[in-house]
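Report on the following structure.
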Amino acid sequence: MASNLESIFEILQNDLPKYNPIIPKRDTKDNILLDVLCTVINKLITNGDKIKNDRREFYPPNRKPPTIGIDAYLARLLKYSPCSKECFVMSLVYIDRFLRQCDLIVNSMNIHRLVITSLLISTKYLDDIFYNNEFYSQVGGISLREMNSLEVCFLSMMDYTVNCSLDEFEKYSREVEKAKRKVELEQNNAAATITVTPAVPSSSQPSNTPSNINPLVYNFSNNSNGNSNNNSNSSNNSPLKTIPIPTTRRRGSCDQSTSMQNKAPTTGWVA
1 MASNLESIFE ILQNDLPKYN PIIPKRDTKD NILLDVLCTV INKLITNGDK IKNDRREFYP
61 PNRKPPTIGI DAYLARLLKY SPCSKECFVM SLVYIDRFLR QCDLIVNSMN IHRLVITSLL
121 ISTKYLDDIF YNNEFYSQVG GISLREMNSL EVCFLSMMDY TVNCSLDEFE KYSREVEKAK
181 RKVELEQNNA AATITVTPAV PSSSQPSNTP SNINPLVYNF SNNSNGNSNN NSNSSNNSPL
241 KTIPIPTTRR RGSCDQSTSM QNKAPTTGWV A
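Here it is as structure tokens:
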């Protein structure tokens with residue numbers, strides 16, 4: 001990693017995470033972890049976008065930025081990934097190691113693929129039971145073939161050094177916990193300044209706060225004009241109306257289950 005760029009560990013130490021009540025979240029613990037992840041990843045890509053990347057690239061770069069922002073993408077991974085929260089810490093360790101060993105710059109064009117790949121590998125390293133590549137390709141908005149290729153590319157560029165010592169993992173975990181406490185304090189301070197207003201019956205007050213992340217709608221063609229089909233049949237094109245759960249959770253399995261055949265398109269919304 002270039003000496004003038006902050007690592008994830010340095011960002012955790014030096015940058016105060018910001019509480020963002022707008023980002024869709026699931027529960028209080030996930031709220032705080034999500035704010036920390038968003039702060040770290042956004043600072044990483046802000047630094048990377050300022051630099052012309054003439055170094056090694058992680059997988060073919062996107063022709064255009066993905067249609068989903070990184071904050072919403074991280075919220076989606078937290079919501080739908082059935083993995084331990086330690087896997088998200090482990091993914092930060094892997095990304096830091098990846099950037100250090102490969103001399104690669106993270107930017108807004110490659111961060112989505114880097115995050116989903118590091119999370120996939122983290123689940124296989126830490127969790128005794130984990131979902132297969134097919135499931136994470138659906139959550140991440142890419143095809144199964146690309147998910148498999150990203151995993152091989154990531155491991156190959158890191159020379160398959162996925163082992164992490166307890167000291168290294170605890171070092172990152174401590175910084176994440178410190179950052180979470182900062183967010184919690186900021187969240188409590190923000191709540192203390194809210195003026196309480198009389199309650200309105202729920203039947204007459206529509207809610208604008210999403211309780212769930214909207215299911216992912218795939219585009220079956222990448223038209224250059226960017227037109228999208230918003231008619232009533234568009235929901236039928238989405239294999240993620242509800243996240244399809246593979247029938248098996250075999251270790252390291254990336255086989256396509258019968259229940260998911262013909263559901264995953266060749267291209268997704270991470271362009």
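Counting in the UniProt record's numbering, the sequence shown runs from 1 upward without gaps. Each residue gets a CB set at the ideal place from its N, CA and C atoms; glycine is no exception.
- Judged by beta-carbon spacing, S143 lies beyond the 7 Å limit of C87, meaning their Cβ atoms are not closer than that value.
- Taking a 10 Å sphere around the C-beta of N188, we find fewer than 16 other C-beta atoms and assign the residue as exposed.
- By the criterion of a C-beta distance shorter than 7 Å, I8 is surrounded in its chain by V40, L44, L92, I95 and D96, once the five residues flanking it on both sides are discounted.
- The Cβ-Cβ distance between L126 and L78 does not fall below 7 Å.
- Per DSSP, the unbroken alpha helix (DSSP H) holding K79 starts and ends at I70 to Y80.
- Shown here for I116: same chain residues with a beta carbon closer than 6 Å to its own, the five before and five after excluded, namely G140 in chain order.
- Sixteen is the threshold: since fewer than 16 other Cβ atoms of the shown chains lie within 10 Å of the Cβ of V152, the residue is exposed.
- In the three-state scheme derived from DSSP, where H, G and I count as helix and E and B as strand, N47 is classed as helix.
- The three-state reading of DSSP puts D96 in helix, counting H, G and I together.
- Put simply, the backbone Cα of D49 is about 32 Å away from that of N132.
- With respect to the 7 Å criterion, K124 and I32 are not classified as neighbours on the basis of their beta carbons.
- Rounded to whole angstroms, the gap between the alpha carbons of C102 and D30 is 31 Å.
- Note that the C-beta distance between I70 and I105 is not below 7 Å.
- V89 carries a helical assignment under DSSP once its states are collapsed to helix, strand and coil.
- At the C-beta level, H112 and Y80 stay beyond 7 Å of one another.
- In the assembly as shown, Q13 is an exposed residue. Its beta-carbon has fewer than 16 other beta-carbons within 10 Å.
- Shown here, S118 sits in a helix according to DSSP, grouped into three states.
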